[in-house]
Amino acid sequence: KLKYSPKRELKRFLDEDVGNGDITSKLLEKKKITSRIITREKTVVAGTKFAKELFSFKKCKVKINKKDGCVAKANQTILTINGNAKDVLTCERTVLNLLSRMCGIATQTNNLKKQIKQTGSKSKLFATRKTAPGLRFFDKEAVKTGGGEKHRMTLNEMIMIKDNHLAVEKSIESILRKAKKTRGKIEIEVETQRDAILCAQMGADIIMLDNFTPEQINRTIKKLTELQLRKKVVLEASGRINSKNIVKYAKTNVDMISIGSITNSVDGIDLSLEIS
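Numbering (the working numbering), first residue to last: 1 to 276.
Here it is, written out as structure tokens:
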């Protein structure tokens, strides 16, 4: 198995766009240019080091004007690029596509995190595996830049028993007993308070409260506390959580709030490359 290489993936992204050669840019006279990548809207900046790497494949020099995690206002310069005109323009669209997506994810994540923080809650915001195939590493890096957490990257990182696993196994007790014989953390998805209590009693490390309302979460936390089980498990709220209701979920003080939309419904940031 090959070790994951972001650099190799970036090269693949560029090769995908270039194909057998950028036949339009080849028409240009050989000329050194200075260009800038500008944001047309306020954004949390993410992905600049990957943008720099993409340009470096064509020997372009990049100055990062706004580092990852910084907030850039509309019309501010994020990157300054120097290189041959044809090389800069060959990289342009691949760089803008990746930067736009990563900035969008980081911005959305940051906005949701601010809403959680304003409540004084200890809840942490997590991404899910609902990422674009081939872009998971970059999507989750953007989540981290925006102040969120990555959760698991791949299926081998931890056991996560979901509804379809239970549909096959038929019994929570049976699959948890099997899981307990393995190493590492065990997470299980439940749909009722009763099952949450059962999983806590059987030693699950993380219990995902799927599609629970904030009121149902509060009742479940209260019951687990009464049974002296609350401190033994990590509770995750998941399903139908968005900017309109995240404050209510945060106020439950559930440990984790996972939201798939931050990576699977991305509003890319409007960026453009301009030649000076």
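Every residue, glycine too, gets a C-beta built ideally from N, C-alpha and C.
The three-state reading of DSSP puts alanine 237 in strand, counting E and B together. Just measuring C-alpha positions, the residue of Thr80, Ile221, Glu191 sitting nearest threonine 34 is Thr80. In the DSSP assignment, isoleucine 172 falls within the unbroken alpha helix (DSSP H) covering 172-180. Residue state for asparagine 218 is assigned as helix, using DSSP reduced to three classes. Nearest in C-alpha terms to asparagine 75, of all of Val95, Glu41, Cys91, is Glu41.
Here the alpha carbons of aspartate 270 and arginine 101 stand approximately 10 Å from one another.
When rounded, the separation of the alpha-carbon atoms in isoleucine 78 and isoleucine 64 is 6 Å. Here the segment 109-128 makes no contact with the segment 85-99; the two share fewer than three CB pairs at distances below 8 Å.
For methionine 208, the beta-bridge partners assigned by DSSP are Glu189, Glu236. Distances from the CA of aspartate 255 to each of Asn218, Ser276, Arg240, Gly268 were compared; the closest alpha carbon is that of Asn218. By alpha-carbon distance to leucine 155, the top candidate from Leu273, Arg129, Ile175 is Arg129. Nearest to asparagine 111 by C-alpha distance, out of Ser56, Thr43, Val62, is Thr43.
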